[in-house]
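Data first, discussion second: the structure below is written as structure tokens.
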Amino acid sequence: MLLSRENIEKIDASKVELPKGNSFEFPERVLQFGTGVLLRGLPDYFVDHANKAGVFNGRILVVKSTASSGTDEFAEQEGVYTLCIKGIEDGQEVVRYSVNNAISRVLSASKDWQAILEAARNPDMQVVFSNTTEVGIVLSNDKVTDNPPTSFPGKLLSFLYERYRHFDRDTTKGLVVLPTELISDNATKLKKILHSLAVQNNLGKDFLTWLDEANDFCNTLVDRIVPGRLPKEEQQQAEQDLGYQDKLMIMAEPFRLWAIETDSPRVKKTLSFAEVDKGIVLVPSIEKFKEIKLRLLNGTHTLSCAAALWSGFITVKEAMQNDSFNTFVRNLMKNEIGKSIVDQNIETQDVEDFSNRVIDRFSNPFLEHRWENIALNYTSKMNMRNVALLEKWYKKNLVPPQHIALGFAAYIKFMDTKQQDGQYVQEINGQKIVLQDEFAPALFDYWKNEQTAVHNVLHDDSLWGKDLTTYPEFESTVRYYLDEINANGVLETIEKLNAAWQIEY
């Protein structure tokens, strides 16, 4: 039996959360650009969750922009799919299934553009979601009369202009635009591009005024791992347990965060789906959430990466199953990164709460997150995520951060590579890792002299934007941990640090 609207009543509701009977009749309130798993696993999840709670009561019209196939499965299953939540939540393993029917239709921009423009005349339409990747929010030479415009901003402008004309400039018919692309100030940049395109298309001052006054563009930050389709064997087992087939079934971790930047009562009223789930926050500024995610999640990943690889761990979950490494990660997050970023906007409780969730996420037994992949563009990640932490740390402390220093030591050792066939290669326990790091040649050269390697790497402001040897005792501490790692291995070095930290604190 294939999952579809007509077959839902045949499904055992004790095994999977099902939509309410009348939810298929809800009007289309959201226009979504993209069919990707992030959208289906986060924004569409929130809409469905709210609909099941009797709030928002709206469905999603999805615009598929790419030329590849992909609307057929949605048509066959009438937009209905299963979201499988698998992971660790509050220290406990969870597996739960929910049938999501938030999507009403999936239309192809190339084939169904006139039908999409017709939806612009829908008085119930309120919100726009998008995830067109980082290269989607770009300025083009699109015309609103193109069928369809090539770029995402071009398509959105055409849709908004059609709405503006149909409702005769009615300022109550504007939309709340929520891009989820992983770029800073995503909505601000999108709005600027729409302005430029409107001027290029000679749409007039009245339309520009309507664009500004009737519509709300909110910067957002999304955070949820949505791997997408389950592995084949897991998919077959899930279908056997649930009693139906689902070609659109996807998996997501329990953690979810959608921070939306707004202080507008109009926006808050429109986004009623935010009332239902603690994973959505509407705040005047999302900078706090960006900083917490960048430092505690991404920064911890990067500072732990080389140490994990040298310890012989292949995946993140494997490393977290080791008590010593787990303790190292907790201390790194809570006692060094966390204490560095606490300020007038970020409270100690924020650090504690997010750190605990990161531990849950890192420990997820259903995710195969490989350290080798985290090591891609390693030097740039270290710079972007962790160099600022040193500045923050030393503004509050006179002594060097031990865990951060160990992370730098393991990274510097990892960059001691060999050249093979024009590539820079690291070998750990017989496993070769080909570096994809634009700075690998520079670090390779520094390692030609082992005595000066640590100093030269930390001193190079072309790597870090500053000279890291100026921080008191940081260089000597990194050198100490490198010597310890070379003599005793990473895990024994971590165990000694854990023991010393426990005694001291």
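Everything in the sequence shown is counted per our numbering, starting at 1015 for the first residue and increasing by one. The beta-carbon is built from N, C-alpha and C at its ideal position, and this holds for glycine as well.
{"Asked": "Contact belief for ALA1116 with ASN1065 at Cβ below 8 angstroms, rounded distance in angstroms", "Found": "6 angstroms"}
{"Asked": "Nearest-angstrom beta carbon gap, ALA1320 and ALA1424 [assumed within contact, 8 angstroms]", "Found": "4 angstroms"}
{"Asked": "Length of the line joining the Cα atoms of PHE1376 and GLU1452", "Found": "27 angstroms"}
{"Asked": "Top-ranked residue by Cα proximity to PRO1268, from TYR1059, PHE1488, LEU1482 and TYR1485", "Found": "TYR1059"}
{"Asked": "ASN1136 and GLU1247 closer than 8 angstroms at C-beta", "Found": "no"}
{"Asked": "Per DSSP, cross-strand counterpart(s) of ALA1266", "Found": "ILE1099"}
{"Asked": "Contact set for SER1286: own chain, Cβ-Cβ below 6 angstroms, skip 5 residues either direction", "Found": "VAL1069 and PHE1070"}
{"Asked": "Own chain residues within Cβ distance below 6 angstroms of ASP1430, not counting five before or after", "Found": "TRP1461"}
{"Asked": "Cutoff 7 angstroms; reference SER1165; Cβ partners in own chain excluding five residues on either side", "Found": "VAL1152, SER1154 and ASP1156"}
{"Asked": "Residues near HIS1180 in its chain [Cβ-Cβ closer than 7 angstroms; skip 5 each side]", "Found": "ALA1134 and ARG1135"}
{"Asked": "Unbroken alpha helix (DSSP H) run spanning PHE1221, endpoints", "Found": "1219-1228"}
{"Asked": "Every unbroken alpha helix (DSSP H) inside the segment 1273-1333 [4 residues or more]", "Found": "1279-1284, 1301-1306 and 1314-1324"}
{"Asked": "As assigned by DSSP and simplified to three states, the class of TYR1258", "Found": "coil"}
{"Asked": "Per DSSP, cross-strand counterpart(s) of GLY1150", "Found": "GLY1150 pairs with nothing; no bridge assigned."}
{"Asked": "ARG1119 in three-state terms, based on DSSP", "Found": "strand"}
{"Asked": "Rounded separation between ASN1216 and MET1347 - CA only", "Found": "52 angstroms"}
{"Asked": "Proximity of ILE1373 and ARG1399 at Cβ, strictly below 8 angstroms", "Found": "no"}
{"Asked": "Given 8 angstroms, three or more beta-carbon pairs between the segment 1251-1270 and the segment 1090-1106", "Found": "yes"}
{"Asked": "Inter-residue spacing [alpha-carbon to alpha-carbon] between LEU1496 and LYS1409", "Found": "25 angstroms"}
{"Asked": "GLY1595 and ALA1252 closer than 8 angstroms at C-beta", "Found": "A query on residue 1595 cannot be resolved here, the shown segment of the chain reaching from 1015 to 1519 and no further."}
{"Asked": "Three or more C-beta pairs below 8 angstroms linking the segment 1318-1337 and the segment 1498-1515", "Found": "yes"}
{"Asked": "The segment 1287-1298 touching the segment 1255-1264, judged by at least three CB pairs closer than 8 angstroms", "Found": "no"}
{"Asked": "Presumed contact (8 angstroms Cβ cut-off) between LYS1331 and ASN1378, rounded CB distance", "Found": "6 angstroms"}
{"Asked": "Spatially closest choice to GLU1509 from ILE1351, ASN1340 and GLU1176, by CA coordinates", "Found": "ASN1340"}
{"Asked": "Proximity of LEU1174 and LEU1225 at Cβ, strictly below 8 angstroms", "Found": "yes"}
{"Asked": "For LEU1017 and TYR1095, the rounded distance between their alpha carbons", "Found": "7 angstroms"}
{"Asked": "Rounded C-alpha distance that separates ILE1207 from PHE1488", "Found": "44 angstroms"}
{"Asked": "Sheet register partners of ASP1237 (DSSP bridge)", "Found": "LEU1271"}
{"Asked": "Cutoff 6 angstroms; reference ILE1239; Cβ partners in own chain excluding five residues on either side", "Found": "GLU1267"}
{"Asked": "VAL1044: first and last residue of the uninterrupted beta strand (DSSP E) it sits in", "Found": "1042-1047"}
{"Asked": "Whole-angstrom distance between GLN1445 and THR1466, CA atom to CA atom", "Found": "27 angstroms"}
{"Asked": "Candidates SER1338, GLU1176 and GLY1150: closest to PHE1047 by CA position", "Found": "GLY1150"}
{"Asked": "Chain-order list of residues whose beta-carbon lies under 6 angstroms from that of VAL1401 (same chain, five-residue window excluded)", "Found": "TRP1478"}
{"Asked": "4 or more residues per run - each alpha helix (DSSP H) lying fully within the segment 1414-1474", "Found": "1416-1428, 1454-1460 and 1467-1473"}
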